[in-house]
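Report on the structure given below.
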Amino acid sequence: MKSFAYVSARDVPTAVSAIAGSPNAKFLGGGTNLVDLMRGNIEQPDTIVDITRLPLTGVDLLPDGGVRIGALVRNSHLAAHPLIRSRYPVLSQAILLGASAQLRNMATVGGNLLQRTRCLYFYDTAAACNKRAPGSGCDAIGGFNRNHAILGVSDNCLATHPSDMCVALAMLDATVEVESTRGVRRIPMNEFHVLPGDTPHVETSLAADELVTAVELPSVAVAANSRYRKVRDRASYAFALVSVAAALEVTGTTVTQVRLALGGVSAKPWRATKAEEVLLGAPATEESFRQAAAAELAAATARPGNEFKIGLAERTIVAVLRELVTKGDAA
Amino acid sequence: MIIGKPLDRVDGPAKVTGAAKYAADQHIPGLTHAVLVTSAIARGKIIRIDTGQAARSPGVLSVITHHNGPRFAYQPPKHPWIYGQTHVPLQNDVIYHSGQIVAVVIADTLERARYAATLIQIDYAVETPEISVEANLDKAFIPERGPFNLRYEYRRGDAHGALATAPVRVSGRYRTSMQHHNPMEPTATTAVWDGDHLTLYETTQALAFTRQKTAEMLGVDQKQVRVVSPYLGGGFGAKGYVWPHTFITAAIARSLGRPVKLVLTRAQSYTMHGHRAETVQELSVGATRDGTITAFVHSAVSQTSMLNEVSWEEMDATTQLYACPNAELTRRVVRLNLGTPTPMRAPLSVGGYALESIMDELSHATGVNPLELRLRNYSTHNPENPSQPWGTGKFLRDCYELGAKLFDWPHRLPRPRSTRRDGGWIGVGMATAFHPTYVSAATVSIRMDADGKALVRSATQDIGTGTYTIVTQTVADALGVPAKSVRFELGDTNFAPSAPSIGSRTAASVGTAAHHAGSALKDKVIAIAVADHRSPLYGIPAAQVTAADGQLFHRLDPRRRETYADVLRRHGPVDSEAVWPAAPGISRSYGAVFAEVTVDDATGEVRVTRLVGAFDIGRVLNAKTARSQAIGGMIWGLGTALTEHTIVDEHLGRILTANLSGYLVPVEADVPDVDIAFVDKADPAASDIGAKGVGELASNGATAAIANAVCHATGRRVRDLPITPDKLL
Amino acid sequence: MRVNITVNGEARQVDDVWPGESLLYVLRERLGLPGSKNACEQGECGSCTVYMDGTPVCACLVAAGQAEGREVRTVEGLASGDTLDRVQQAFVDAGAVQCGFCTPGLVVAAHDLLTRTPQPSDPEIREALAGNLCRCTGYEKILDAVRMAARS
């Protein structure tokens, strides 16, 4: 690990001032990803601004029925919060299916949004990686890419975003609030993470001097019948091969509301709008579910190593929707 | 009798409170810290190595490369056993594999050494590495037999002829993965010189190996080297042999004149002390229509390194487990630009997986229940030597019966892919476990003091298996004293030389020596007592005196008695020492493993829902530690079946999963309910105390049982481990 | 920099800490508490699990500065004198210990589970301890130990 200056901030203005004008400074939240990356010399900041003492730890009901979550709320705290468990079960489930208890206890909401890919080549400084070292190439493309992206990929990068929480946030149309010395800005979740294109090292629309201060969830009635399903290589504590966040309302036999997002398939949490379009107003049948899944995955591009993800994503979408129909009936 | 009882681990309290001091926990005054720099490429040469910036970095005491590397008194030979590998790093500019040691930085603190290590600049001339077994099958060759006498070829009868004429023939091509041991404790060594005497605080499964080979490399007498390892955080083979990081650290400490500590990072543990080799196996079985096996033809290729030709994955189960007149086994290797393979818990499990899978395939082909098929081909004599009956030491039939009963194994299996529950296919499978039983010479010394307490010592190891506890029990039984009167110290070459902890041999070997040492000490004290007119036992023939619960007494008149302490208060401490030279013959241990799995219909995820193992491990020395070993072994096999796979980039030769998030070992949530049964009958052919090894035996069987259950659940035979969801879609 | 931490109830002041050091490094190398184990240093194995302000965390991923002013409790701080905590005792009684290297982290994680959930179900135990890797025991006896401690 390279030497760095350590600053502990007590309030937001101090934190954003500390980082303004220091392009190579980083905020330190829970540290569960950043400390590891620094130890591996993948991140090499000059200055660390420790924000763990900022007063951004509230989970509050908003007047419009939404919920505002402070950026420093710990993942385990959020997953267990009654407001989240009752109104957004998909979010609670997604968080609890990520990482381990110890990591969820440290990891923050803001940090989870900003976690870096788990691409094995990104972590190996002896390999070419356009994300870590822009312009160096991508060894994953001709190499081991079983865990890699199939949607929104570019010729420069196949990395996926590893978060489970973000998949649920994308499904819920969350908004990310950010702040810098220039003021406050609100970014829709779907625009927060960006596709790799020619600049895979740019992962979000956040500016270097901006601090994530909160995430706001709108009131989403259909979220009461929602579910997060994560497919992985072992029963717990593994990243998703594919994950699905879904919410469904069926009136009679017709889909009247649906939301769907995928994880493990793209550089961003993937909102499955094509599938949603197919499903809305369609009969809630296995056939519709299959058509919707196929419509979403039609644009997928795979390599031999990750081709299985296309079928796996389709089957998982169908399985989750089927389950929500059954569950909705039971409710 | 204390032997066999589920005595709590005597080292338990120290381990649950954090008081147990492992190799990296020792406090040494004036300690310096070494950090390794490893090769970024898999094949080629170093053309420039710039250490200037690192050397000037704060706290740095020394930077070592091949230009100024330590020179050694010895070069490990082509067949290096008990060195891990032939190659000695830091001697020249050649790179044989990625992750090879190319520089060492020593600094006053660990963090300063780590930082300086990042400042070293290296330019390489890169050559294209050979990484793939499959791509090099045409270059496979049969290695020379090394000093360990690994067997690469065997044939009896006319296997090909018998196969060609067999009414039923089944063939399969099986692939097993490169795997890493990943003991939880990282490998560590601390070298402390006092004049020309060296003390090594070492993570080792074999104190004696470390002492002998470090002395040889450094050109000093073995007596000048002391190796200390009171607690070991698991080894599984990774810490079995002597690898370069140990003697390099010792050599650097000598030239620096300061104690040096090296702890490998998790990533470095993937290239510093071996791995389980990847294999590609072709196996055919011929049988009559009723399932009587007439021929096995087994041909395997496994990876080896550029400088060493070795394959540890012995496949003797194919030729020794089932009665079969014709058999052929051929094992070849291909050289790759990867490190040298080493044994990993249960080397025989790799071939055993293929054998027990093909047995299942034969069961499907003949319609004979898998359990019945195995009974039909039960061997009462060694199939390699029909004049040699297996005798009284084989209780595999008992294992089948015990296991089948515990699992409720069905007499008739439903068709594959016919049972569903909660969106998943259910399947059951079984397999036989088979393992040789090794023993080594061991010495145990005992001193009993005037307080009647016995201090037992032996230069062996407790790698987590329970050596501390079972030796304590064995000595207590032999002496006839309570376990709390016995204290066992191990892990120090200052004690009497003893057995290595490799190949599941510690309990049988050290346990036998402990039994003899305890008996000898009891006899000595009895002899003193019966000759002492102050003793109530005076004049009784020694053979009529025995001991229990700390008391010596007349067998015929138990009122005549006194305690050990009474005798020793009059006569002073008594010592005994016993050497057990180890029996020449090899026995076998057996087991039967049964598994139930659920395979998710939509996603292909496999979850094991039930595991049962019944094992013939000879006499059970401690019901609690043996059971824990057996469960641990079966879950080890579960990892091999479902999750564990070291992934190497085929172009770069880099190990991509050199951590614990890419290399997936089973977690608590993967583990089903596990039932264990032991036959618990002594095998006097294995050791004088009738015990056989358990750790590796139990790792056999589970892999194939799970793979067979997956096939039964889904109707799909995956012959490529691990069985991940993508292979079942 | 200087870091003030309360460790196992005792206020400790540590000087000349380099900001890149972890809480685990401070505990093991500077405060003489090697009970918490360094097995992966990447937050992937749980061997270094300690309580920080009453919550179990991987000490290897906590930057030293983040521990400033916090209360830390390690495996060394669970027993009262010679009397083992009920979780420690259950690990011994159940045979949940083999090599012992994962044990300190597991004991802390299990201790926390029973503090929050006095009567956990088996799936709750399995999931709560999924972040603590063990290579020896096959976990079954660890499950037994937690069940046993919950009853005691």
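Chains as they are written, first to last, in my numbering: chain A, 40 to 370; chain B, 536 to 1264; chain C, 184 to 335. Glycine is no exception: its CB is placed at the ideal position from the N, C-alpha and C atoms.
With respect to the 9 Å criterion, residue 1166(B) and residue 1132(B) are not classified as neighbours on the basis of their beta carbons.
Taking a beta-carbon distance threshold of 9 Å, residue 548(B) counts as an interface residue toward chain C. Contact between residue 220(A) and residue 55(A) is confirmed by a C-beta separation of about 5 Å, below the 8 Å threshold. Taking C-alpha positions only, residue 921(B) is separated from residue 294(C) by approximately 57 Å. If the five residues before and after residue 299(A) are omitted, its C-beta is found closer than 6 Å to the C-beta atoms of 285, 311, 314, 315, all from its own chain and listed in chain order. Of all residues in the segment 764 to 794 of chain B, only 766, 767, 768, 769, 770, 771 come within less than 9 Å of chain C when Cβ atoms are compared, listed by chain position. With at least 16 other beta carbons inside 10 angstroms of its own, residue 204(C) counts as buried. At a cut-off of 9 Å, the C-beta of residue 347(A) has a neighbouring C-beta in chain B.
In terms of Cα proximity to residue 272(C), the closest of 784(B), 583(B), 544(B), 1223(B) is 544(B). Between residue 170(A) and residue 235(A), the C-beta gap is smaller than 9 Å, which places the two residues in contact. Listed in chain order, the positions of the segment 706 to 725 of chain B with a beta carbon within less than 9 Å of a beta carbon of chain C are 716, 717, 718, 719, 720, 721. Less than 9 Å separates the beta-carbon of residue 1007(B) from that of residue 1018(B). For secondary structure counted as the alpha helix (DSSP H) over 4 or more consecutive residues, the segment 877 to 913 of chain B holds these complete runs in sequence order: 883 to 901, 905 to 911. Looking at 1040(B), 1059(B), 1049(B), 992(B), the one whose alpha-carbon comes closest to that of residue 1026(B) is 992(B). Residue 214(A) and residue 267(A) have their C-alpha atoms some 20 Å from each other.
The beta carbon of residue 839(B) sits closer than 8 Å to those of 678, 812, 845, 846, 868, 869, 870, 871, 875, 876, all from its chain and outside the five residues before and after it, given in chain order. Residues of the segment 72 to 103 of chain A with a C-beta atom less than 8 Å from some C-beta of chain C are 74, 75, 77, 78, 87, 89, 91, listed in chain order.
By the Cβ-count criterion, residue 1073(B) is exposed, with fewer than 16 other Cβ atoms from all chains shown falling within 10 Å of its own Cβ. Among the CB atoms of chain C, none fall inside 9 Å of the CB of residue 210(A). In the displayed model, residue 168(A) falls within a strand according to three-state DSSP.
One Cα belongs to residue 826(B), the other to residue 1231(B), and the distance between them is close to 29 Å. Identification of chain C residues near residue 139(A) by a Cβ-Cβ cut-off of 7 Å yields 229, 313, 314, ordered along the chain. If you look at residue 747(B), you'll find it in the alpha helix (DSSP H) that goes 742 to 753.
Taking C-beta atoms as the reference points, residue 1060(B) and residue 1099(B) count as a pair closer than 9 Å. A Cβ-Cβ distance of about 7 Å is found for the pair residue 704(B) and residue 819(B), placing them in contact under the 8 Å criterion.
Taking 8 Å as the Cβ-Cβ cut-off, the segment 193 to 217 of chain C approaches chain A at 201, 202, 203, 205, given in chain order. In the three-state reduction of the DSSP assignment, residue 538(B) falls in the coil class.
Within the model, the alpha-carbon separation for residue 126(A) versus residue 260(A) is close to 8 Å. Straight-line spacing of the CA atoms in residue 611(B) and residue 626(B) works out to 13 Å. Per DSSP, the beta-bridge partners of residue 283(A) are 268(A), 301(A). Here the alpha carbons of residue 1163(B) and residue 1207(B) stand approximately 14 Å from one another.
Using a Cβ-Cβ cut-off of 9 Å, residue 271(C) counts as an interface residue toward chain B, since at least one Cβ of chain B sits closer than that to its own. Here residue 562(B) is exposed: its Cβ has fewer than 16 other Cβ atoms, across all protein chains shown, within 10 Å.
Distance from the CA of residue 1078(B) to the CA of residue 1116(B), rounded to the nearest whole angstrom, comes to 26 Å.
Put simply, the segment 348 to 357 of chain A touches the segment 329 to 336 of chain A. At least three CB pairs are less than 8 Å apart. Neighbourhood of residue 805(B) in chain A, by CB distance below 7 Å: empty, with the nearest CB roughly 12 Å away.
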